[in-house]
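Asks: First the structure, then my questions, so here it is.
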Amino acid sequence: MHRQTKAYIYTGATILIWATVASAFKISLRYLNHLQLLFFASLFSLIIFFIILLSSKRLFLLRNSSKKDLFHSALLGFLNPFLYYLVLFKAYSLLPAQEAQPLNQTWAIVLSIMSIILLRQRITLLNISALFISFLGVIIVSTHGDIANLRFTDTLGVVLALGSAVIWALFWIYNVKDRRDVIAKLFLNFAFGVFFIFILLLITDNLSLPGMPGWIGAAYVGAFEMGITFVLWLRALNLSKTTAQVSNMIYLVPFLSLMVIHLTIGEKILSSTFIGLVFIVAGIILQRTFSEK
Numbered sequence: 001m002h003r004q005t006k007a008y009i010y011t012g013a014t015i016l017i018w019a020t021v022a023s024a025f026k027i028s029l030r031y032l033n034h035l036q037l038l039f040f041a042s043l044f045s046l047i048i049f050f051i052i053l054l055s056s057k058r059l060f061l062l063r064n065s066s067k068k069d070l071f072h073s074a075l076l077g078f079l080n081p082f083l084y085y086l087v088l089f090k091a092y093s094l095l096p097a098q099e100a101q102p103l104n105q106t107w108a109i110v111l112s113i114m115s116i117i118l119l120r121q122r123i124t125l126l127n128i129s130a131l132f133i134s135f136l137g138v139i140i141v142s143t144h145g146d147i148a149n150l151r152f153t154d155t156l157g158v159v160l161a162l163g164s165a166v167i168w169a170l171f172w173i174y175n176v177k178d179r180r181d182v183i184a185k186l187f188l189n190f191a192f193g194v195f196f197i198f199i200l201l202l203i204t205d206n207l208s209l210p211g212m213p214g215w216i217g218a219a220y221v222g223a224f225e226m227g228i229t230f231v232l233w234l235r236a237l238n239l240s241k242t243t244a245q246v247s248n249m250i251y252l253v254p255f256l257s258l259m260v261i262h263l264t265i266g267e268k269i270l271s272s273t274f275i276g277l278v279f280i281v282a283g284i285i286l287q288r289t290f291s292e293k
């Protein structure tokens, strides 16, 4: 089989899985609160990363970690999985999935803003136009199209969903500078993240074993949102002739996700959600297109 064909297969598998995670969040939150889902899902991810390191004979990379590496992993682990998913899962507990998912997608636009501020990248009129287009999409989604009155379905939920995008963008910027092996780095990040989450569970008295539906939900989220899909995506990028040939397909995820949300959760997808998502993705594509020139 041709390398590019394999790349498309891995990309397709990644897209299909990622399209299900918003629904998985909402279903899992029926049986677990956001703190419990965060802990058990992160724990499953940690186990998966350990198995990958063990099977690929890369456990020695953990032993070779310096104090600086461990400190960096502690910082990144605090951002993701701890803070990012803490905020994101809480947003999903407050908002319909069809609102939380598009708002979280704005991380790509937030990343460009962060890059301008933290990395001192030059801002252009096209950058501003892209930001405005995506911001308009955010307003359409979060107000159900009632832009004139700016009435949000749940203000805290909207703030948290957008806040998760900020946290992810911040994590991405600091993570790019870390040149360690990807899986070893993720394992250490999640090891510290699980520790932070465990302490929070003890403090808030939320530590308890879930029932079978809760275990299944946490396992699915941990495996497919946080774990296996990341490996599949990296494999797709490595096999593809160019990054653009597979990365552009990722824009299908939020739209497929709306279909899955409707079919699995039963949410009626509002026209305002679809229109707002089109604006958000259009702004992201515009921003990316001109940033690569």
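Residues in the sequence shown are numbered consecutively from 1, following full-length UniProt numbering.
Virtual Cβ for every residue (Gly too), placed ideally from N, Cα, C.
Going by the CB atoms, is the gap between I216 and L79 shorter than 8 angstroms?
Replies: By 1-based counting over the sequence shown, the position of residue 79 is 79. By 1-based counting over the sequence shown, the position of residue 216 is 216. No; because the gap between Cβ atoms is not below 8 angstroms, this pair is not in contact.
Asks: Given a cut-off of 8 angstroms, decide if S164 and N104 are closer than it, judged by their beta-carbon atoms.
Replies: The residue you call residue 104 lines up with position 104 of the sequence shown. The residue you call residue 164 lines up with position 164 of the sequence shown. Their beta carbons are under 8 angstroms apart, which means N104 touches S164 by this criterion.
Asks: Considering just the uninterrupted stretch of the alpha helix (DSSP H) at F224, what are its terminal residues?
Replies: Translated into positions along the sequence shown, residue 224 becomes position 224. Note, F224: premise wrong, no alpha helix (DSSP H); not H, not E.
Asks: Give me the Cα-Cα distance between L256 and N127, rounded to the nearest whole angstrom.
Replies: Residue numbering aside, residue 256 sits at position 256 when the sequence shown is read from its first letter. Residue numbering aside, residue 127 sits at position 127 when the sequence shown is read from its first letter. Straight-line measurement puts the Cα of N127 at about 27 angstroms from the Cα of L256.
Asks: If you reduce the DSSP assignment to three classes, tell me which class G145 lands in.
Replies: Residue mapping note: residue 145 aligns to position 145 of the sequence shown, counting from 1. It is coil, neither helix nor strand.
Asks: Would you mind listing the alpha helix (DSSP H) stretches within the segment 224 to 275 that are 4+ residues and don't spill past its ends, in chain order?
Replies: 228 to 239, 243 to 247 and 253 to 264
Asks: Is there contact here, the segment 103 to 118 with the segment 167 to 185, by at least three beta-carbon pairs under 8 angstroms?
Replies: yes
Asks: By how many angstroms is the C-alpha of L83 removed from the C-alpha of G193?
Replies: Taking the sequence shown and counting its residues from 1, the one referred to as residue 193 is at position 193. Taking the sequence shown and counting its residues from 1, the one referred to as residue 83 is at position 83. Those two C-alpha atoms are separated by around 9 angstroms.
Asks: Once DSSP output is grouped into helix, strand and coil, what is the label at D69?
Replies: As a first step, residue 69 is located in the sequence shown; it is residue number 69 there, counting from the start. When secondary structure is reduced to three states using DSSP, D69 falls in the helix class.
Asks: Leaving out five residues before and five after L252 in sequence, what residues of the same chain have Cβ atoms less than 6 angstroms from its Cβ?
Replies: Residue numbering aside, residue 252 sits at position 252 when the sequence shown is read from its first letter. Same-chain partners within the cutoff: I15.
Asks: Beta-carbon within less than 7 angstroms of Y31's beta-carbon, same chain only, minus the 5 sequence neighbours each way: which residues are those?
Replies: In the sequence shown, residue 31 corresponds to position 31, counting from 1. Contacts found: P210, G211, P213, G214 and G217.
Asks: Could you compute how far the alpha carbon of V246 sits from the alpha carbon of I203?
Replies: Taking the first residue of the sequence shown as position 1, residue 246 is located at position 246. Taking the first residue of the sequence shown as position 1, residue 203 is located at position 203. Each residue's Cα considered, the two are about 43 angstroms apart.
Asks: Tell me whether W92 sits in a helix, a strand or coil according to DSSP, three-state version.
Replies: Position 92 of the sequence shown, counted from the first residue, corresponds to residue 92. Residue identity check: residue 92 is Tyr in the sequence provided, not Trp. Correct three-state label for Y92: helix.
Asks: Assign M212 to one of three DSSP states: helix, strand, or coil.
Replies: The residue you call residue 212 lines up with position 212 of the sequence shown. Residue state, collapsed to three classes: helix.
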